[in-house]
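Per my numbering, the sequence shown starts with residue 11, numbered consecutively. Built from N, CA and C at the ideal position, the CB exists for glycine as well. Working notes, beginning with the structure itself.
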Amino acid sequence: MAGLPLIKLRLPYESEEEFLAKLGPSLARNQIFVGTRSPKALGTVFAFLFVLKNGAKILGGEGKVESISADPARPGMTVAIRALDHDSQDLLALANGTRKSRPPAPAAAAAAAAQPATPPTDPAAEERKRRREAILSGASSPSQPPTKRSDAPILGIDLGTTNCRVAVWKGGGIKHLPLEGRNLNMPSVVAFDEKGRLLVGARAKAHVLVDPKSAIFGAKRLVGRRAGSRKVKEMASRFPYELAQDEHGDVAVKVQGKVISVPQVLSYLLHEIRDRASTELGCATVRAVIGVPAYFNDRQRQAVRYAGQLAGLEIVRVLSEPTAVAVAYGFGKGLTRKRLLVYDLGGGTLDASVLEATGDDLEVAGAGGDNFLGGLDFDARVSRWLEERFQATQGFALPVDPLSRQRVRDAAETAKIQLSERADARVMLPVIAQKDGEPVSLDASLDRAKLEALTADLVERSLAVTRVVLTASEIPPSAIDEVLLVGGQSQSPAVRAAVEGLIGKPAHRDLDPFASVAIGAALIGRALLDDPSAETFSLHVEEKLSLAVFARTLEGAFHRVLDAGSPLPCEKTVAFGGAKALEVAVYQGEKDDSPDLEFLGLARVPAGAQGELTFQLSADGMLSLFAGAPTQTRRPVALDSRAADPFALPEDGAATLPALAADDRKGGLLSRFFKK
Ligand code: ADP
Ligand code: MG
Numbered sequence: 011m012a013g014l015p016l017i018k019l020r021l022p023y024e025s026e027e028e029f030l031a032k033l034g035p036s037l038a039r040n041q042i043f044v045g046t047r048s049p050k051a052l053g054t055v056f057a058f059l060f061v062l063k064n065g066a067k068i069l070g071g072e073g074k075v076e077s078i079s080a081d082p083a084r085p086g087m088t089v090a091i092r093a094l095d096h097d098s099q100d101l102l103a104l105a106n107g108t109r110k111s112r113p114p115a116p117a118a119a120a121a122a123a124a125q126p127a128t129p130p131t132d133p134a135a136e137e138r139k140r141r142r143e144a145i146l147s148g149a150s151s152p153s154q155p156p157t158k159r160s161d162a163p164i165l166g167i168d169l170g171t172t173n174c175r176v177a178v179w180k181g182g183g184i185k186h187l188p189l190e191g192r193n194l195n196m197p198s199v200v201a202f203d204e205k206g207r208l209l210v211g212a213r214a215k216a217h218v219l220v221d222p223k224s225a226i227f228g229a230k231r232l233v234g235r236r237a238g239s240r241k242v243k244e245m246a247s248r249f250p251y252e253l254a255q256d257e258h259g260d261v262a263v264k265v266q267g268k269v270i271s272v273p274q275v276l277s278y279l280l281h282e283i284r285d286r287a288s289t290e291l292g293c294a295t296v297r298a299v300i301g302v303p304a305y306f307n308d309r310q311r312q313a314v315r316y317a318g319q320l321a322g323l324e325i326v327r328v329l330s331e332p333t334a335v336a337v338a339y340g341f342g343k344g345l346t347r348k349r350l351l352v353y354d355l356g357g358g359t360l361d362a363s364v365l366e367a368t369g370d371d372l373e374v375a376g377a378g379g380d381n382f383l384g385g386l387d388f389d390a391r392v393s394r395w396l397e398e399r400f401q402a403t404q405g406f407a408l409p410v411d412p413l414s415r416q417r418v419r420d421a422a423e424t425a426k427i428q429l430s431e432r433a434d435a436r437v438m439l440p441v442i443a444q445k446d447g448e449p450v451s452l453d454a455s456l457d458r459a460k461l462e463a464l465t466a467d468l469v470e471r472s473l474a475v476t477r478v479v480l481t482a483s484e485i486p487p488s489a490i491d492e493v494l495l496v497g498g499q500s501q502s503p504a505v506r507a508a509v510e511g512l513i514g515k516p517a518h519r520d521l522d523p524f525a526s527v528a529i530g531a532a533l534i535g536r537a538l539l540d541d542p543s544a545e546t547f548s549l550h551v552e553e554k555l556s557l558a559v560f561a562r563t564l565e566g567a568f569h570r571v572l573d574a575g576s577p578l579p580c581e582k583t584v585a586f587g588g589a590k591a592l593e594v595a596v597y598q599g600e601k602d603d604s605p606d607l608e609f610l611g612l613a614r615v616p617a618g619a620q621g622e623l624t625f626q627l628s629a630d631g632m633l634s635l636f637a638g639a640p641t642q643t644r645r646p647v648a649l650d651s652r653a654a655d656p657f658a659l660p661e662d663g664a665a666t667l668p669a670l671a672a673d674d675r676k677g678g679l680l681s682r683f684f685k686k
């Protein structure tokens, strides 16, 4: 079952009394008018959460769009209330006059409703800090067991390129769920043994030694990408397994002669997570919030959601990873205006993002990264050095068989991790080779200075990427208030020092670099439950569109539909003109200087829609299309992602120029379609 979109609205009312005075009568008719310039399509069913001016929750439930206002002076939609959560039902009883007063709110919620967020210097901040720590460590007082479906915990999943992690809100706090025995991290690896049986996690990782071609890791880098795209062609040589094409035209993997779609691969991981989480929690868990890199486009987000579906999970929200990190950091802090740099250096990828927190709102101001820069590159440098040392001391080269290679790589990683804590590490690999029938060992000592010399250029590359993100966000390093370092590799002192040097201030200390994405996702999951406590969940997360949306008719008219940075959810209607049916190619990509527009699919606008197509982006950055403008009765339009890109760049780069709409003839736009 697909997750319902969530509409969160802050109402201009101070109190429950004012709310009832203004909206009580309509609530009693099970109807509510929502004033908005971007109403949802007629018939859309969605979850809603209305809060008062002070952020306290007033009404939560499920609604359906009954009609859309045709009055331009009063834009909006009339919503039929289909279901109300538990305490909203009390409110309905009040509105109906069948009840005189509400039961007293829990003390914490009442206190929060009465008080606006206070700065951290306030005495109350101490109490909040204590509470935050208790909650994040899972040590706070247990809450009631789940009594209805909507109370079942929502998992917060970090589906990392290298490691998966899962957290959940339970018993009034964050609980980290073990995924491998007692281990909290599960390697993001899927493999097939010699009998074709599926292996997941640590067992799959171990299988890399036996048969590297049957093990799939790093699949997250491939998800939602078209098989024929330039990016995939560039990446192909960097994967030890074979790449193929799935039935949607997306890149897939080929293992033991079978083509497996990337969402399918990810679904094996998610299925394992779901199973282990359910066992751990003692109840079936089917709902999850999942993190994705901020720069993931609609297609990649849809593919991740689809992977969840294949795993029997309902993905209630796809959340940008840096947003999750910022939530984990900002949670319970009463954030005032702050600019955050999230530098996430994991096993295989670097993601750098700038976020702005204003009061309760959080926005991603800019995001970028390097898909092939991470801990593995550091390991490779150490491995190469070990091989050279071996050659120099023994007079012959280390054996190149996969098992020996992997042993060296694993030893290199262990030494690298040790050097984050200490100054020296010894690498000892007994019987790694043979000489004249005698076993030969690898025995070498590595110090931190050597490691840093071997990897200095990698660290510098990560800074260059970070600088680009800062520049694109128009935020100078000195304007960053807080540096949040996440991802395993950012634990290394050299990386920490380099980023601190770039920004000119120390990085935040008490953030778990391995857990913060999962924690943030779990907190958002908690906030999406029916009954969020007003105090602890006052953070309102508003994501921005990370990549601009473009559309082009087959005749060639090219439109910039929505700019990167548009607050989500958002929508725009484009009038392509004419009453005839028409076909529109839809793309998503970076700003004007990026050559990497991704083709999302082909939309067919039926005759009778006056050549108008409405592009609607949900809170998680997913695209829906409708024929016609918002005020008309709109019909959903499918985006055919299997269609070939009608404007695909021929291999030699030769192509004809498109006819640009006048206001799109601005700097650099063409470079996205055509090599210069
Ligand atoms: P991902 O986000 O790609 O799933 P992680 O955040 O789990 O990855 O990071 C994994 C990487 O972090 C690995 O390359 C691992 O070697 C590295 N790593 C883990 N701990 C440390 C440490 N203490 N110091 C340096 N690197 C570390
Ligand atoms: Mg990660």
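- In the DSSP annotation of this structure, the continuous segment of the alpha helix (DSSP H) that includes Y339 starts and ends at E331 to G340.
- Under the three-state reduction of DSSP, G611 is assigned to strand.
- Contact between L16 and L59 holds, with the beta-carbon distance rounding to 7 angstroms and staying under 8 angstroms.
- When DSSP states are grouped into helix, strand and coil, A558 belongs to the strand group.
- Distances taken from the Cβ of V337 to the heavy atoms of the ligand MG include none shorter than 8 angstroms.
- In the three-state reduction of the DSSP assignment, V437 falls in the strand class.
- Secondary structure at L209: strand, using DSSP grouped into helix, strand and coil.
- A buried status is given to Q310, since no fewer than 16 other beta-carbon atoms sit within 10 Å of its beta-carbon.
- Check the Cα spacing between A422 and each of V450, L408, L456 and V441: the tightest is with L456.
- Cβ atoms of E282 and M196 come within 8 angstroms of each other, at about 7 angstroms.
- Going by C-alpha positions, K180 is about 22 angstroms away from G318.
- H186 is bridged by DSSP to A177.
- Taking C-beta separations shorter than 8 angstroms and ignoring five residues to either side along the sequence, the partners of S556 in its chain run A304, Y305, F306, N307, S330, V374, A377, A574 and G631, following chain order.
- Counting only residues whose CB is nearer than 5 angstroms to a non-hydrogen atom of the ligand ADP, the list in chain order is G170, T171, T172, N173, G356, G357, G385, E423, I427, S430, G497, G498, Q499, Q501 and S502.
- Distances from the CA of L351 to each of A83, A531, E484 and V178 were compared; the closest alpha carbon is that of E484.
- If you check the C-beta of V302 against the ligand MG, you find no heavy atom less than 8 angstroms away.
- Remark: the shortest separation between the CB of E462 and any heavy atom of the ligand MG does not fall under 8 angstroms.
- E28 places its beta carbon 9 angstroms or farther from that of N64.
- Contact check between the segment 493-510 and the segment 295-304: fewer than three CB pairs, one atom from each, fall below 8 angstroms, which does not count as touching.
- Ranked by how close their Cα comes to the Cα of S526, the residues K554, V335 and R570 have V335 in first place.
- Residue state for Q428 is assigned as helix, using DSSP reduced to three classes.
- By the Cβ criterion, the segment 472-489 is not in contact with the segment 516-531, since fewer than three pairs of Cβ atoms, one from each stretch, lie closer than 8 angstroms.
- DSSP places Y23 outside both helix and strand once states are collapsed to three, so it counts as coil.
- CA-to-CA, the gap between Q266 and S224 works out to about 7 angstroms.
- The segment 184-193 makes contact with the segment 164-176; the number of CB pairs closer than 8 angstroms reaches 3 or more.
- Judged by the Cβ position, D168 qualifies as a neighbour of the ligand MG at the 8 angstroms threshold, a heavy atom of the ligand being closer than this.
- For A629, the CB contacts under 6 angstroms within the same chain, skipping 5 residues up- and downstream, are L578 and P579 in chain order.
- In the structure shown, F202 falls within a strand segment according to DSSP collapsed to helix, strand and coil.
- One alpha carbon belongs to P412, the other to R652, and they sit about 38 angstroms apart.
- The segment 399-419 makes no contact with the segment 471-484: fewer than 3 CB pairs, one atom from each, lie closer than 8 angstroms.
- Here the distance from the Cβ of V527 to the nearest heavy atom of the ligand MG is below 8 angstroms.
- By the neighbour-count definition (other C-beta atoms within 10 Å, threshold 16), P163 is a buried residue.
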